[in-house]
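Colleague: Residue numbers (full-length UniProt numbering): 1 to 221.
The structure is given below, and queries will be raised subsequently.
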Amino acid sequence: MMTADPSADPSAATSIETHIVAHPHVLYVGTPAYLIASTNSDGTPNLAAASSHWALGDMLCLGLEAAGQTAQNIADRPGITVNFPSAPLWPALVRLSHLTGRHPVPADKSKRYRFEKDKFGAAQLTPQASELVDAPRVQECALQFEATVRRMTPGLDGGYFMVEAQVLRVHADPALVPEGTGEIDPRVWHPLIYAFRHFFDRGPEAGWLDSSRWAPPPVID
1 MMTADPSADP SAATSIETHI VAHPHVLYVG TPAYLIASTN SDGTPNLAAA
51 SSHWALGDML CLGLEAAGQT AQNIADRPGI TVNFPSAPLW PALVRLSHLT
101 GRHPVPADKS KRYRFEKDKF GAAQLTPQAS ELVDAPRVQE CALQFEATVR
151 RMTPGLDGGY FMVEAQVLRV HADPALVPEG TGEIDPRVWH PLIYAFRHFF
201 DRGPEAGWLD SSRWAPPPVI D
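In structure tokens:
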């Protein structure tokens with residue numbers, strides 16, 4: 001039986017290779033997809049599907065294509081909604097995947113996209129009036145954020161923006177919020193997960209942090 005060398009540095013990196021080099025064509029390892037609504041210059045709504053985002057406190061950081069209508073809209077009209085669909089809504093995101101609100105369609109998008117004025121209608125989704133911003137919410141989405149854009153930072157290659165948006169109000173399906181808590185119960189919320197250009201439902205719970213308000217009480221022997 002092999003025994004550990006007591007003189008070995010426990011922090012030293014192992015030289016045993018257990019992985020292979022991969023060359024994925026995208027790096028979407030798996031995040032919740034979302035639908036972002038903004039307001040066009042004529043007051044009509046625009047809707048786009050995206051997946052690049054993270055949250056910290058009441059701030060969202062969204063990754064958005066620079067050539068899209070959404071980026072153009074929010075540079076002038078910062079009120080947006082970020083709507084999180086559940087798994088059964090994945091066909092709506094597919095319907096939006098080759099549509100753009102830009103007219104004329106930018107040359108670099110013309111092979112993949114066609115112009116569509118009514119993005120809500122094309123996606124077979126329903127605009128729902130917001131309370132604090134002009135952009136509508138997506139009625140079919142169980143979790144909806146009203147937000148305002150605070151800063152847009154161009155990406156290194158100029159092809160995208162890192163958009164910082166402050167969440168002003170959260171709307172949720174009552175089934176997600178146990179009465180009297182005001183909190184989203186993660187055990188019943190099933191966001192649509194986008195991973196390597198495929199859509200998935202959220203899997204079973206694997207664990208939790210002690211700081212979770214839904215964590216079970218510690219077991220005391």
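Even glycine gets a Cβ: it sits at the ideal position worked out from N, Cα and C.
Thinking C-alpha only, which one of I36, T153, K111 and A172 is nearest V163?
Modeller: Nearest of I36, T153, K111 and A172 to V163, Cα basis: T153.
Colleague: I'd like the span of the alpha helix (DSSP H) that includes P91, first residue to last.
Modeller: That run of the alpha helix (DSSP H) goes W90 to L96.
Colleague: Residues in the same chain with beta-carbon distance under 7 angstroms from R197, minus the five sequence neighbours each way, listed in chain order, please.
Modeller: Result list for R197: V26 and Y28, in chain order.
Colleague: Is there contact here, the segment 9 to 22 with the segment 41 to 61, by at least three beta-carbon pairs under 8 angstroms?
Modeller: Contact between the segment 9 to 22 and the segment 41 to 61 is absent, because fewer than three Cβ pairs lie under 8 angstroms.
Colleague: Given a cut-off of 7 angstroms, decide if A122 and R102 are closer than it, judged by their beta-carbon atoms.
Modeller: Going by C-beta atoms, R102 is not nearer than 7 angstroms to A122.
Colleague: Could you work out which residue in L99, A172, I36 and P174 is closest to K117 when comparing CA atoms only?
Modeller: It is L99 whose Cα lies nearest to the Cα of K117.
Colleague: According to DSSP, S86 sits in a beta bridge with which residue or residues?
Modeller: Partner(s): P191.
Colleague: Is the beta carbon of A67 closer than 7 angstroms to that of K109?
Modeller: Against a cut-off of 7 angstroms, the Cβ pair of A67 and K109 comes out as a contact.
Colleague: Tell me whether Q144 sits in a helix, a strand or coil according to DSSP, three-state version.
Modeller: Q144: strand per DSSP, three-state reduction.
Colleague: Taking the DSSP output, what are the residues bridged to residue 225?
Modeller: Examination of residue 225 is not possible in this model, given that the chain is present from 1 through 221 alone.
Colleague: Please name the residue in F120, L143, N83 and L168 whose C-alpha comes closest to that of I184.
Modeller: Looking at the Cα atoms, L143 is the closest of the given residues.
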